[in-house]
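Participant: Take any residue in the sequence shown, count from 1 to its spot, add 70: that is its number in the numbering used here.
Each residue gets a CB set at the ideal place from its N, CA and C atoms; glycine is no exception.
It should be emphasised that the depicted structure is a prediction, and the values quoted were computed from it without experimental measurement.
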Amino acid sequence: VEYDTKRTSSITGDVFEVTLDTEMTLSEKSKVYTFLKAAYPYGAFNTRSNKIHIFVDKKNRNKLAPKFKVDVHLQKDGAKAVDLTVDTTVSPYVFKLTAPNFFKRWGIQQSSVDITADHQIGKSLVIDANILGGLHLEAKRGDNAKNGRDVSLLVKKESPNVTKSLGLQRRSTMPMNSNSSFMTNLKSTLSLYLSKTN
Numbered sequence: 071v072e073y074d075t076k077r078t079s080s081i082t083g084d085v086f087e088v089t090l091d092t093e094m095t096l097s098e099k100s101k102v103y104t105f106l107k108a109a110y111p112y113g114a115f116n117t118r119s120n121k122i123h124i125f126v127d128k129k130n131r132n133k134l135a136p137k138f139k140v141d142v143h144l145q146k147d148g149a150k151a152v153d154l155t156v157d158t159t160v161s162p163y164v165f166k167l168t169a170p171n172f173f174k175r176w177g178i179q180q181s182s183v184d185i186t187a188d189h190q191i192g193k194s195l196v197i198d199a200n201i202l203g204g205l206h207l208e209a210k211r212g213d214n215a216k217n218g219r220d221v222s223l224l225v226k227k228e229s230p231n232v233t234k235s236l237g238l239q240r241r242s243t244m245p246m247n248s249n250s251s252f253m254t255n256l257k258s259t260l261s262l263y264l265s266k267t268n
């Protein structure tokens, strides 16, 4: 077994950045190769290379954490095994996973899992994903003319020849009755839509 690792890093008050490159070579006569061939569901390999890059922007944050980007690339015997990208430094945020052997084993027909998330802090969140035939989620909130707030949620799922949508809208108004009290009025509507396409 031959194993080689190279690591580079840059850590400052503004950024955290690390790149890790690894190379592994296995002999078919080695015990590790024999074990992987017998027990590992994705089989043994002669060569494997990994490249991992992590970047964290310490100065800029989203709602929960600093903005970051992660890239992972894995090859076995020269063929792509895993490509993963998670990026919150761009808008919309990006998640992309390509893993041919994993997808084949679990019966996933698509070539990649792609998810985008457009997050406008305090205003809206829109998520699109190509899983389960296609999903769209949209949540919005904002002030209305009656000194209250409108909140809406839309979930849409694509399936062969049919689009299913579930919509929820909630409106609240808070007129002041006195200096020490207020009244809240909530109104909600729930709608389900089915549309067929040729």
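Could you say which of 97, 191, 227, 201 lies nearest to residue 72 if we only look at CA atoms?
Facilitator: For residue 72, the nearest C-alpha among the options comes from 97.
Participant: Determine the extent of the beta strand (DSSP E) in which residue 75 is found, giving its start and end residues.
Facilitator: It spans 72-81 - the beta strand (DSSP E) in which residue 75 sits, taken as one unbroken run.
Participant: Kindly give me the distance between the Cβ atoms of residue 138 and residue 168, rounded to whole angstroms, as I take these residues to be in contact under 8 Å.
Facilitator: Residue 138 to residue 168, Cβ: 20 Å. No contact.
Participant: Here's a check: name, in chain order, each residue in its chain whose Cβ is nearer than 7 Å to the Cβ of residue 84, leaving out the five neighbours to either side.
Facilitator: Excluding residues within five positions, the ones whose Cβ falls inside 7 Å are 128, 129.
Participant: In the DSSP assignment, find the unbroken alpha helix (DSSP H) run with residue 104 in it and report its ends.
Facilitator: Its alpha helix (DSSP H) spans residues 101-109.
Participant: At what residue ranges does the segment 104-155 contain a whole run of the alpha helix (DSSP H), taking only runs of 4 or more?
Facilitator: Entirely contained in the segment 104-155, not one alpha helix (DSSP H) run reaches 4 residues.
Participant: Report all residues from its chain with a CB closer than 7 Å to the CB of residue 215; omit the five preceding and five following residues, and keep chain order.
Facilitator: Closer than 7 Å at the Cβ level, and outside the excluded window around residue 215, lies no residue.
Participant: Given a threshold of 16 other Cβ atoms within 10 Å of its Cβ, counted over all protein chains shown, does residue 105 qualify as buried or as exposed?
Facilitator: Flag for residue 105 reads exposed.
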